[in-house]
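Chemist:
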């Protein structure tokens, strides 16, 4: 963006655009592209759930894919987190955040889904109580 | 650094070389440091939300013989909320463009539009919560509903806090003009507002759409 974005070789603040991409019309175009794409993906998500053309078990997977795509659109067009060379630090922080999010969500689901297997069955538990 | 001069480095791969970056330029400007710090905060916020998402996913089936998601959710309402948030993200982008060209009028207009869209979102969400609670499906009904109110409510609280921040920024721009501190603060605000939109994408997909899908 214009004067407020300091040019410091090596990094750009998250949310700021590089000098090459600045200018008001380029800025408006970027946000418009982001808006159109995200509305398109949202509409697709909402229309997919009662679609009769899709194999049913594939629908949740498709919803997940559409959501991830839309998050990517938001990151690139709204937050200006992209693969540009001076965005490396922002991307690395994001990658670490995504890693932790994946650990927390997948780990919780994994553990909780298998929790019952490691528990003593209820009837055995009763027997133990009775033996006392 | 004659090697660098002899082979121009268009992708600035040499940026990791401390000699060529830090020594020549000194410390990074405050805008970059503040923006990066706020980005780290937002990522930690995502991690907090991921814990709520994990709790929701685990407790999704724990309805205690109460209603499940597909009996409760009104997708039309959710679609309107989503459109509100997407448009408010766009107007927030317009506000940051207006700030970058130092236009006080357009900044106020774009921020006002952002705030009103956010307000509509919060009103719709409160109305939805009210309908649920009045029908006896409040957070105390089942573990599923506890997790639902915690996750969606936490996002709603974030939007409300963002709205208060937005009002403050409008007043500060009006009375103080575009000074350096306010520009940095506004950059953080716009990051915050766009990040809330990302969380909402996850919420409407995982909670509402996958909940409505049977």
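Chains as they are written, first to last, in the numbering used here: chain Z, 49 to 180; chain W, 8 to 221.
All residues carry an ideal CB built from backbone N, CA and C; glycine is no exception.
What in chain Z is Cβ-close to residue 181 of chain W, meaning under 9 angstroms?
Modeler: Those within 9 angstroms of residue 181 of chain W in chain Z number zero; the least Cβ separation is about 18 angstroms.
Chemist: Alpha carbon to alpha carbon, how far is residue 164 of chain Z from residue 82 of chain Z? Give it in angstroms, no decimals.
Modeler: If you take the alpha carbons of residue 82 of chain Z and residue 164 of chain Z, they lie about 45 angstroms apart.
Chemist: Please go through the same chain and pick out, in chain order, the residues whose beta-carbon is closer than 8 angstroms to the beta-carbon of residue 170 of chain W, but skip the five residues on each side of it.
Modeler: If we look at residue 170 of chain W and ignore the five residues flanking it on each side, its Cβ neighbours are 122, 125, 126 and 129.
Chemist: Step through the CB atoms of chain Z and report whether any lies within less than 8 angstroms of the CB of residue 155 of chain W.
Modeler: No, no contact with chain Z.
Chemist: Kindly give me the distance between the Cβ atoms of residue 121 of chain Z and residue 86 of chain Z, rounded to whole angstroms, as I take these residues to be in contact under 8 angstroms.
Modeler: Yes, residue 121 of chain Z and residue 86 of chain Z are in contact; Cβ-Cβ is about 5 angstroms, under 8 angstroms.
Chemist: Please work out which residues of its chain come closer than 7 angstroms, Cβ to Cβ, to residue 167 of chain W, disregarding the five sequence neighbours upstream and downstream, and give them in chain order.
Modeler: So the qualifying residues of the chain are 129.
Chemist: Which residues, in chain order, does the segment 199 to 217 of chain W contribute to contact with chain Z at a C-beta distance below 8 angstroms?
Modeler: Answer set for the segment 199 to 217 of chain W: 201, 202, 204, 205, 208, 209, 211, 212, 213, 216 and 217.
Chemist: Below 9 angstroms between beta carbons is the criterion; list the residues of the segment 133 to 153 of chain Z that meet it against any residue of chain W, in chain order.
Modeler: Within the segment 133 to 153 of chain Z, the residues whose Cβ lies closer than 9 angstroms to some Cβ of chain W are 133, 134, 136, 137, 138, 141, 142, 144, 145, 146, 148, 149, 150, 151, 152 and 153, listed in chain order.
Chemist: Could you check whether the Cβ of residue 95 of chain W sits closer than 8 angstroms to any Cβ belonging to chain Z?
Modeler: No - not a single Cβ of chain Z is within 8 angstroms of the one on residue 95 of chain W.
Chemist: DSSP on residue 133 of chain Z, reduced to helix/strand/coil?
Modeler: Helix, per DSSP.
Chemist: Please list the residues of the segment 68 to 99 of chain Z that have a C-beta atom closer than 7 angstroms to any C-beta atom in chain W, keeping them in chain order.
Modeler: The segment 68 to 99 of chain Z vs chain W, Cβ under 7 angstroms: 72, 75, 76, 79, 83, 86, 87, 90, 93, 94 and 97.
Chemist: Of all the options W:92, W:33, W:215 and W:87, which has the alpha carbon lying nearest to the alpha carbon of residue 156 of chain W?
Modeler: Residue W:215 is the option with its Cα nearest to residue 156 of chain W.
Chemist: Among W:212, W:217, W:185 and W:218, whose alpha-carbon lies nearest the alpha-carbon of residue 103 of chain W?
Modeler: Comparing Cα positions, the closest option is W:185.
Chemist: Within a Cβ cutoff of 8 angstroms, which residues of the same chain sit near residue 115 of chain W, ignoring the five residues on either side of it in sequence?
Modeler: Cβ neighbours of residue 115 of chain W beyond the five flanking positions: 177, 180 and 181.
Chemist: Measure the alpha-carbon distance for residue 180 of chain Z versus residue 167 of chain Z and round it to whole angstroms.
Modeler: Because residue 180 of chain Z carries a pLDDT of 46, less than 50, the predicted location of this residue cannot be relied on, and no value is offered for it.
Chemist: Would you call residue 83 of chain W buried or exposed, if buried means 16 or more other Cβ atoms sit within 10 Å of its Cβ?
Modeler: Classification of residue 83 of chain W: exposed, given that the 10 Å Cβ count is below 16.
Chemist: Kindly list, in the order they appear in chain W, the residues whose Cβ is closer than 7 angstroms to that of residue 61 of chain Z.
Modeler: What residue 61 of chain Z touches in chain W: 38, 39, 42, 43 and 194.
Chemist: Is the separation between the beta-carbon of residue 76 of chain Z and that of residue 53 of chain W shorter than 8 angstroms?
Modeler: Result no, Cβ atoms of residue 76 of chain Z and residue 53 of chain W do not sit closer than 8 angstroms.
Chemist: Reducing DSSP to helix, strand and coil, say where residue 67 of chain W ends up.
Modeler: Three-state DSSP puts residue 67 of chain W in coil, outside helix and strand.
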